[in-house]
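To start, the structure under review is shown below, and the notes come after it.
Protein chains in written order, with our numbering: chain A, -15 to 144; chain B, 21 to 538.
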């Protein structure tokens, strides 16, 4: 454990605190994973065995849960995450063109991060902003009726 | 007297700049030394008018919208604090036709109150349903809900009262109420709006459900794509707990009920109730086979009510006004009201709560006002990514569970996406398969493999490779998925695919190979 903790560059101690704080919940796994990701920006590989031993599960079970959900990352994202909605209501308002423009502006595809580490581009299937489509989310902030101008502003904001 | 100005805090209003507008208003109040305060209310659900700013006057609330930060100074110059005219003035809020024609039962407070003011909530009839329920036997509460005709608003339309009865009758030391707030269908935002705009009604509905079934613990499973709803619900639960609405003695009674807010993690399939339960337990969101029903073996294997946000939010008004009052709205076996969400390429997008029975055409053409682009409506998808595409020819279909089923469609969570004539229905059919492939939990083969094969087959049709043969193959595949899948994800993906193919055959016709330019 100690070797693992030092190899994990300090993930271990903080992770254990988080896990022990939340393990009393009924169904503690998702709250723990969210808290770990909030803390480190992703789910470090080294943390999975800690969760497993604290929750009395196998490492494979923890890995299985982590990889099932779109939200959990295996690596850090860029400093900002730009999510563009790709679902039907946004499609009806030209989200495909917005996505093309975003790829072009950032020089990356979905699920990629710009070389300067500023922005990660991700698809999202519905932000519930379907009556003001196309919709986007930059970090926690939501945007509706996204057009070239709004998109350029978001990208500029993220690149700053 | 202090003037009250309302600026919505609903995520859609925020997405359109409501925070900047609120800041600009605050700056004007400060600079002009006025006696006014800003309340951040929920949304009225008229998104083409958001940010919709309201001012409380002696005549009632006067609306202005859509307000941009740059408009604020001129609003003050025009004297909008006394409700006077301005180019953006919409008159009295309650007289705006889109609102006036609605029957707001579930959404009666949404956009009216400060969402986190329990005082406001009580002032506008809140907690009356819970108080009545506390004076009744569990069986009588269940009977009231059953008699109201309320059916699951998540999409399946199962009678809520019958589900509750099953849980009430199940003997167990611990039972649960799980509120399904994994509102993943495109074109739906009713759950989000109510959680952000009137969170106490969800809490009240859950408490009533707990008292009716003997469950003392509740969970709201909210999708992670709704951070604002999560934050509002967490805050509302704390307020309700402090005020004794939740806790060991609900409103001073001998009943105990408490609840927790949980965030999903970006899996669409977790909107399916058994998958949601697995996710809540901390497992992969894999669908469970039924039986056992969640009502008997649900969360942690214990009897559990799994209800949609809208179903639970409709319970307080049913308890307050009575089953007969609610049942008198609607048609056929679809009783009460339904919050219809009109979205996509539509001029007047928003939430419209009304009794069941309006025709699809009335909703799209009259209430929605046609497309935002001004082009003709070609298709509307009803019920999210698993719902059928309807052509204009079927616009006489009344909004009713059975009427939609009779036309190979579904109401689902009552979201409608409008598309103009530029939409390519083959592309939409392909998207339905692609979405299913991305979101399939992988448990059953028809969904897991069928969706991927569906994407490939649609691609072949698109490329003009043996189109007739591949169309027949796609139809056959849909048949397998429809009857062979374990849950609605694989089972209903055929609805958008087949409806696109059947109603818009021209989009599935082989495209003549384009001559290269020059």
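Glycine included, every Cβ here is placed at the ideal spot set by N, Cα and C. Nothing here was measured: the structure is a model prediction, and the numbers come from that model.
Buried or exposed by the 16-neighbour rule on C-beta atoms within 10 Å, applied to residue i
i                      : result
residue 64 of chain B  : buried
residue 328 of chain B : buried
residue 21 of chain B  : exposed
residue 42 of chain A  : exposed
residue 95 of chain A  : exposed
residue 310 of chain B : exposed
residue -15 of chain A : In this prediction, residue -15 of chain A has a pLDDT of 44, which is less than 50 and means its spatial position is unreliable; what the coordinates show is noted afterwards. Exposed, since its Cβ has fewer than 16 Cβ neighbours within 10 Å.
residue 264 of chain B : exposed
residue 489 of chain B : exposed
residue 200 of chain B : buried
residue 115 of chain B : exposed
residue 485 of chain B : exposed
residue 503 of chain B : exposed
residue 354 of chain B : buried
residue 51 of chain A  : exposed
residue 62 of chain B  : buried
residue 170 of chain B : buried
residue 538 of chain B : Bear in mind that a pLDDT of 45 at residue 538 of chain B, under 50, signals an unreliable position, so the number given afterwards is only what the model happens to contain. Under this definition residue 538 of chain B is an exposed residue.
residue 142 of chain A : buried
residue 202 of chain B : buried
residue 212 of chain B : buried
residue 436 of chain B : buried
Residue i versus residue j - alpha carbon distance
i                      : j                      : result
residue 370 of chain B : residue 322 of chain B : 38 angstroms
residue 464 of chain B : residue 505 of chain B : 6 angstroms
residue 21 of chain A  : residue 14 of chain A  : 10 angstroms
residue 476 of chain B : residue 494 of chain B : 10 angstroms
residue 430 of chain B : residue 403 of chain B : 6 angstroms
residue 314 of chain B : residue 58 of chain B  : 44 angstroms
residue 498 of chain B : residue 409 of chain B : 15 angstroms
residue 222 of chain B : residue 247 of chain B : 17 angstroms
residue 0 of chain A   : residue 40 of chain A  : 14 angstroms
residue 151 of chain A : residue 53 of chain A  : Missing from the structure shown is residue 151 of chain A; chain A here goes from -15 to 144 and no further.
residue 454 of chain B : residue 474 of chain B : 8 angstroms
residue 307 of chain B : residue 451 of chain B : 22 angstroms
residue 233 of chain B : residue 196 of chain B : 9 angstroms
residue -3 of chain A  : residue 384 of chain B : 57 angstroms
residue 78 of chain B  : residue 99 of chain B  : 14 angstroms
residue 42 of chain B  : residue 140 of chain B : 21 angstroms
residue 397 of chain B : residue 442 of chain B : 9 angstroms
residue 28 of chain A  : residue 85 of chain A  : 32 angstroms
residue -10 of chain A : residue 24 of chain A  : Below a pLDDT of 50, predicted positions are generally treated as unreliable, and residue -10 of chain A, at 46, falls in that range; the measurement from the model is reported next regardless. Each residue's Cα considered, the two are about 16 angstroms apart.
residue 257 of chain B : residue 251 of chain B : 10 angstroms
residue 219 of chain B : residue 69 of chain B  : 23 angstroms
residue 361 of chain B : residue 154 of chain B : 33 angstroms
residue 30 of chain B  : residue 125 of chain B : 19 angstroms
residue 528 of chain B : residue 357 of chain B : 37 angstroms
residue 112 of chain A : residue 101 of chain B : 32 angstroms
residue 100 of chain A : residue 58 of chain A  : 19 angstroms
Contact test: residue i Cβ vs the ligand MN heavy atom, cutoff 7 angstroms
i                      : result
residue 441 of chain B : The ligand MN is not among the ligands present in this structure, which contains no ligands whatsoever.
Bridge partner(s) assigned by DSSP for residue i
i                      : result
residue 288 of chain B : For residue 288 of chain B, which the question treats as bridged, DSSP gives no partner whatsoever.
residue 64 of chain A  : A:103
residue 328 of chain B : B:200
residue 3 of chain B   : Any property of residue 3 of chain B remains undetermined from this structure, which presents chain B solely from 21 to 538.
residue 540 of chain B : The structure shown has nothing for residue 540 of chain B, since chain B only spans 21 to 538.
residue 341 of chain B : Beta-bridge pairing links residue 341 of chain B to no other residue.
residue 66 of chain B  : B:370
residue 58 of chain B  : B:25
residue 351 of chain B : B:354
residue 76 of chain B  : B:81
Limits of the unbroken beta strand (DSSP E) element including residue i
i                      : result
residue 122 of chain A : 120 to 122
residue 242 of chain B : 237 to 242
residue 283 of chain B : 278 to 283
residue 109 of chain B : 109 to 112
residue 80 of chain B  : 80 to 84
Where the alpha helix (DSSP H) containing residue i begins and where it ends
i                      : result
residue 158 of chain B : 158 to 168
residue 75 of chain A  : 72 to 75
residue 451 of chain B : 445 to 459
residue 384 of chain B : Run containing residue 384 of chain B: none; DSSP gives neither H nor E here.
For residue j and residue i, believed in contact at Cβ under 8 angstroms, the rounded distance
i                      : j                      : result
residue 420 of chain B : residue 377 of chain B : 6 angstroms
residue 48 of chain A  : residue 301 of chain B : In fact, because the Cβ distance is near 13 angstroms, the residues do not count as touching under 8 angstroms.
residue 164 of chain B : residue 339 of chain B : 6 angstroms
residue 336 of chain B : residue 228 of chain B : 7 angstroms
residue 207 of chain B : residue 73 of chain A  : 5 angstroms
residue 162 of chain B : residue 185 of chain B : 5 angstroms
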